[in-house]
DNA sequence: TTGTGTTTTACGACCTC
DNA sequence: GAGGTCGTAAAACACAA
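Numbering (UniProt numbering), first residue to last: 1 to 211.
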């Protein structure tokens, strides 16, 4: 077994070097203890660099996913807002014309929001639309009995429900918790722990230059 | 062959326990 | 003071032109 391979094997077992192990290893390989120590120092530095690269990749993937989800939500929001405006306009027109306000058939994209307006249950959700619109008792949505309209109080249109688009984050990565602390480690520690388990990197040196 | 980029070894400065 | 990290120099190596 080459000296480098022996060192790599020792490094995998324990990346820190106690004095006794350093002496034993140096004797075994015919090297100066100082050389063994330096090799471990440099090997730790290389490992750290690789680890930073892996961490960066994980974070970038997570970021890209979030950006993608955000864009989808923005687009959907625009569609829903235009539908609300259109329906409101129709309601007002009918009311002014003396007709009875009726709600058109539910479309897939507007299903949630329309359900909020008409206060009916959405079959697939099993939850009342009103419940989904607001997380608390003080709903920002004001329902008019005669002609339902969603009054924008300044809060988001999005009710307090789970968004599937946002649920496929990397393992261990989750949205902001109630018990948030200021240390970002809580957010990344699990994710990094996962990547730490696959850290056998780097090619072996082409040549052992020591005497 | 040569220029260039990458990797490895080694060291000094500084930090932590 | 021992042993750690960090930054860097120098040598070795890989590879395209």
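Yeah, the Cβ is synthetic: ideal placement off N, Cα and C, and Gly gets one too.
For residue i, which residues from the same chain have a beta carbon less than 6 angstroms from its beta carbon, with the 5 sequence-adjacent residues on both sides left out?
{"i": "residue 67", "result": "none"}
{"i": "residue 27", "result": "none"}
{"i": "residue 81", "result": "none"}
If I measure Cβ to Cβ from residue i and keep anything under 7 angstroms in the same chain, skipping five residues before and after, which residues do I get?
{"i": "residue 23", "result": "33"}
{"i": "residue 25", "result": "10, 36"}
When the Cα atoms are used, what is the spatial distance from residue i to residue j?
{"i": "residue 94", "j": "residue 58", "result": "54 angstroms"}
{"i": "residue 97", "j": "residue 63", "result": "51 angstroms"}
{"i": "residue 55", "j": "residue 48", "result": "10 angstroms"}
{"i": "residue 5", "j": "residue 78", "result": "60 angstroms"}
{"i": "residue 85", "j": "residue 52", "result": "49 angstroms"}
{"i": "residue 90", "j": "residue 76", "result": "21 angstroms"}
{"i": "residue 20", "j": "residue 31", "result": "14 angstroms"}
Taking residue i and residue j to be in contact with their CB atoms under 8 angstroms, please state how far apart those CB atoms are, rounded to whole angstroms.
{"i": "residue 36", "j": "residue 17", "result": "7 angstroms"}
{"i": "residue 15", "j": "residue 44", "result": "6 angstroms"}
{"i": "residue 3", "j": "residue 29", "result": "5 angstroms"}
Check your understanding: Quick one: any contact between the segment 2 to 17 and the segment 40 to 49, if contact means 3 or more CB pairs under 8 angstroms?
Key -> yes
Point to revise | Length-filtered (4 minimum) alpha helix (DSSP H) runs lying within the UniProt DNA-binding region "Homeobox" (3 to 51) | key: Complete alpha helix (DSSP H) runs here, min 4: 3 to 13, 19 to 29.
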